[in-house]
Amino acid sequence: MLEAQGLFCERDDRVLFQRLDFSLFGGQVMQIQGSNGSGKTTLLRILCGLNTDYEGRILWDNQPIQEMRTQFRDNVFFLGHAPAINKSLSPLENLRWFCASRGVSDNGDIPAALAAFGLAGYEDVPCYVMSAGQQRRVSLARMKLIPAKMWILDEPFTALDKRGVAELETMLAAFVKEGGALMLTTHHPLQLQCPITVVDLDRSNDEADNS
Amino acid sequence: MMNNPRMGLGSVIVATVRRELLLAFRSPGDVINPLMFFIIAVTLFPLGGGADSEFLSGIASGVIWVTTLLAIMFSMESLFRADYEDGSLEQLLMSPQPLYFLLLAKVLSHWLVACLPILILAPFFAAMLALPAAGILPLILGLLAGTPTLCLLGAIGMALTVGLSRSGLLLAVLILPLYIPVLVFGTGMVSAALGSLPYTGLLALMGAMLVLAICLSPLAIAAALRISVN
Amino acid sequence: MWQWFLQLGSPRLFYSMTDRYLPWLTWFTVILLGTGLAWGLAFTPPDYQMGENYRIAYIHVPMATLAMGCYAMMASFSAGYLIWKIKVADMIAKACAPIGASITAVALATGSLWGIPTWGTWWIWDARLTSTLIMLFLYVGIIALRSAFDSIDSGARACAVLSLVGVVNLPIIKYSVDWWNTLHQGASNLSLSDTAANPPEVWIPAFFVGFGILGFFLIALILRTRNEILIRERRSQWVSDLVANNMKESGDA
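From first to last, the protein sequence lines are chains C, E and H.
Going by the working numbering, 198 is the number at position 198 of the first sequence; the sequence numbering is gapless.
Going by the working numbering, 314 is the number at position 103 of the second sequence; the sequence numbering is gapless.
Going by the working numbering, 475 is the number at position 34 of the third sequence; the sequence numbering is gapless.
Set out below in structure tokens:
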């Protein structure tokens, strides 16, 4: 589904990663590992097309991603560090616009999606009165609302409590089981009932240096 | 995974405008502050320059135009700042929908929120500045055609500087020179009308600039936003 | 031709090419400027209307022309950078901004100096002076924007977008200022008299000085670009070699 060939990225005169190759298929989980500042977030943003300072090739369905932007965006859900939730709006209003901005009709599914993240009854509460963890859940609820084949999640477990983490893990496992492709970064030890491919940015850099 | 029906581009635009209006409704400062700035700044001119009605009528259209232009520039901060900070901008840039129309919808809503109230009050303040009655209509028509252009140009500047922490005055340095043609033709329309000359040609020029701005500036805004989130 | 063009996009090649041609360019410029200025300032007879004062035109006119040309050049290189991602194009565009701003400032200063004897005041809201002033604002905006970015690449792209926006607006601004000027002042007839009417001893030195100033502009541009190349490529092998070589040479001397 998504393939990277010879990715190279340097930032502020420091090489983050080089000669990075991987491919990700449906039904596969890929965890990007690396120490702080090793370029995990940068890599995800490069794959999402938010960062263009890289060399190498990225393919989506075997075509250069530059030519597949619309198909790619149609099928990818990205969760970044920031929750992308406007605090003056309620969860319902936030999610309604999120769906609309992607051209997806929400069809009244929003309350169900919120309920799946334990936010039933919070639909109309302004987001500024909610805790960071609750806002995170609103943000996560978006992935229930759009038909995406691939989820790219940057630290999805941040600010979630123990139960939230377990629920999210179940949800991720279900997504992968249905044939979704999942790419994520996390410092939390993942407990998914499926095999995990690990891409270690620290190691990729060392290997390239030694060869 | 749910397979929900797709929405047309029209409803995407409507949803965007609705969100922006809702946000303005929730934080009324976005509407009131540009308006108050306009009112207070206009009031300063007679206080600083003298209340002689002959003097005032000479500078009336210039004062209205310049304060409107500054109010729009200061209001730009609310266009992308919050979306940039909470990450909504990233999501907007990753939308499969054409960014061109999404941005146009955002700028249009900004115009409705920040400019329309000024436009409504402008004739009263023009009258307070002793602008002769013949100048009122061209002033309003000019503002109607010119302020959307100003919003679009301002949005380019805002998109370029939204990633910078302190960008207020930089924004002014970047976009005020670009505002000059609108200012010149806008005030020119009023002068022409006061000199009993036709001003429709100038209005057509303002319209042409608006069309050009609608066609090109969303592209520049999109490019600038991509740079800013990078 | 295309291949050659793309090759020049390599900072290293740009550096070595300019190394070869810079001395030639410098000599040409010195000769052109020297003859042109000496001839124009000392030997050309005074103008029957403006007397000796018109001689400032030898500096003013080329500077004013170049102010606009430099902006067009900056915008073209910015486009080249955005479209083909040629890094040297951005370095040239970056070098254009402060040079263009200085040229515009000189054009303004000489223009208003010229204004004192001819118009009786150092500043009037003449269409040309005003649009040159706005030109200066545009340059200042671009310099300010670049300096506001920490990341070189983001700053470069932002400036490229801004210069392209500026170049679309520039004709509109110029037109609007011209129009505004005729509305408020009546066209000024105080411009330099027609070149066609001028005798050869006036326009030949003007020609010399004009090209001399163009040469000077190119030298400044190339030097600044080379400087930028060295800064940005400081970690590459060829720059270290170059520095080591220079150190050795200066040690020998």
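Glycine included, each C-beta is placed from N, C-alpha and C at the ideal position.
Since the model is a prediction, treat every value here as computed from it, not as a measurement.
In this structure, DSSP gives Cys9(C) an extended state, which the three-state scheme calls strand. By the beta-carbon neighbour count (other beta carbons within 10 angstroms, threshold 16), Pro558(H) is exposed. Listed along chain H are Val602, each with a C-beta nearer than 7 Å to that of Ala434(E). When C-alpha distances from Gln193(C) are compared across Pro147(C), His187(C), Ala174(C), the shortest belongs to Ala174(C). Close to chain C, meaning a Cβ-Cβ distance shorter than 8 Å, are the following residues of the segment 654 to 682 of chain H: Arg676. Closest option to Ile283(E), judged by alpha-carbon separation, among Val401(E), Leu375(E), Ala366(E), Leu352(E): Ala366(E). If you look at Ala419(E), you'll find it in the alpha helix (DSSP H) that goes 411 to 440. With a threshold of 8 Å between beta carbons, Met284(E) makes no contact with chain H. Counted as a single uninterrupted DSSP element, the alpha helix (DSSP H) harbouring Met339(E) occupies residues 327 to 339. When Val125(C), Ala100(C), Ala112(C) are compared, the shortest CA-CA separation from Leu220(E) is found for Ala100(C). For Asp53(C), the C-beta contacts it makes with chain H under 8 Å involve Asp594, in order along the chain.
Taking all protein chains shown into account, Met247(E) has fewer than 16 neighbouring C-beta atoms within 10 Å of its C-beta and is therefore exposed. For Ala181(C), the enclosing beta strand (DSSP E) begins and ends at 181 to 185. Boundaries for Gln71(C): no beta strand (DSSP E) harbours it, while the alpha helix (DSSP H) harbouring it runs 69 to 75, taken from the DSSP string. Secondary structure within the segment 451 to 523 of chain H: the alpha helix (DSSP H) runs of 4 or more consecutive residues, fully enclosed, are 452 to 479 (chain order). A distance below 8 Å between beta-carbons, with the five flanking residues on each side excluded, links Ala599(H) to the following residues of its chain, in chain order: Leu586, Arg587, Phe590.
When C-beta distances to chain H are compared with 7 Å, the residues of the segment 390 to 411 of chain E below that value are Ile391, Pro392, Val395, Phe396, Gly399, Ser402, in chain order. Neighbours of Ile438(E) across chain H, judged by C-beta separation under 8 Å: Ser595, Arg598, Ala599, Val602. The Cβ of Gly298(E) sits closer than 8 Å to at least one Cβ of chain C. One alpha carbon belongs to Lys615(H), the other to Lys689(H), and they sit about 53 Å apart. When the beta-carbon positions are compared, Pro349(E) and Ala404(E) come within less than 8 Å of each other. At a cut-off of 8 Å, the C-beta of Phe578(H) has a neighbouring C-beta in chain E. Look at Met150(C) here: in three-state DSSP terms it is strand.
Residue contact check for Phe22(C) against chain E: no CB pair falls below 8 Å. The criterion of a C-beta distance shorter than 8 Å is satisfied by Leu579(H) and Gly607(H).
Taking the Cα positions, Cys537(H) is about 45 Å away from Pro334(E). Straight-line measurement puts the Cα of Leu16(C) at about 32 Å from the Cα of Arg102(C).
Under a criterion of Cβ atoms nearer than 8 Å, no residue of chain E is adjacent to Trp60(C); the nearest Cβ is some 13 Å distant. Per DSSP, reduced to three states, the secondary structure at Met287(E) is coil, with no helix or strand assignment. Between Val253(E) and Leu394(E) a beta carbon distance of about 15 Å is seen, past the 8 Å cut, so the two are scored as non-contacting.
Against chain H, the beta carbon of Ile250(E) has no neighbour under 9 Å; the closest one sits roughly 27 Å away.
Within the model, the alpha-carbon separation for Thr360(E) versus Leu570(H) is close to 26 Å.
Here Glu3(C) is bridged, per DSSP, to Ser23(C), Leu59(C).
The bridge partners DSSP lists for Gln33(C) are Asp200(C).
Taking Tyr410(E) as the centre and dropping the five residues before and after it, the same chain places the C-beta of Pro349, Met400, Ala403, Ala404 closer than 7 Å to its C-beta, in chain order. With the criterion set as a beta carbon lying under 7 Å from some beta carbon of chain C, the members of the segment 230 to 247 of chain E are Arg230, Leu233, Leu234, Arg237, Ser238, in sequence order.
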